[in-house]
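Take the sequence shown: its position 17, counted from the start at 1, is 100 in the working numbering, and no numbers get skipped.
See below for the structure under consideration.
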Amino acid sequence: MTPSDPDTFLGLDLGTSGLKGVACAGAGEVIGRAQASYPTARTVPGAAEQDPADWREAFRRVLLELGDQVPPARWRSLGLTAMIPT
Numbered sequence: 084m085t086p087s088d089p090d091t092f093l094g095l096d097l098g099t100s101g102l103k104g105v106a107c108a109g110a111g112e113v114i115g116r117a118q119a120s121y122p123t124a125r126t127v128p129g130a131a132e133q134d135p136a137d138w139r140e141a142f143r144r145v146l147l148e149l150g151d152q153v154p155p156a157r158w159r160s161l162g163l164t165a166m167i168p169t
């Protein structure tokens with residue numbers, strides 16, 4: 084990232100086994116990546132359960148790691164996607 088392109092846009096994907104994050108410069112260049120996993124409980128056939136506290140911790144870890152790669156003062160927006168069909 085150059086001083087002439089300070090804007091950074093984050094994308095986060097809350098998946099079935101973990102959270103993936105990416106930071107992109109305004110032109111679309113990937114300038115940071117991070118990920119954190121979390122457990123899935125499968126207590127009965129066909130069921131899958133996760134604790135939202137694990138999601139929050141994954142968000143915290145991913146955002147801190149992205150913040151180490153790209154100063155948060157440059158972050159301009161955040162896009163979020165999550166598991167389908169939940």
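C-beta atoms are modelled at their ideal positions from N, C-alpha and C, and glycine is treated no differently.
As the structure is a prediction and not an experimental result, all values here were calculated from the model.
Asked: Taking only three categories from DSSP, how would you classify Gly150?; Found: helix
Asked: Alpha carbon to alpha carbon, how far is Leu95 from Ala156?; Found: 18 Å
Asked: Using 8 Å as the cut-off, can you tell me whether the region 121-135 makes contact with the region 149-163, which would need three or more C-beta pairs spanning the two stretches below that distance?; Found: no
Asked: Roughly how many angstroms separate the alpha carbons of Arg159 and Gly111, rounded to a whole number?; Found: 13 Å
Asked: How big is the Cα-Cα spacing for Thr85 and Leu146?; Found: Bear in mind that the predicted position of Thr85 carries a pLDDT of just 47, short of 50, making it too unreliable to give a figure here.
Asked: What residue from Gln133, Ala117, Val153 and Ser100 has the CA that sits closest to Arg143's CA?; Found: Ala117
Asked: Excluding the five sequence neighbours on either side, which residues of its own chain have a C-beta within less than 6 Å of the C-beta of Pro89, listed in chain order?; Found: Arg157
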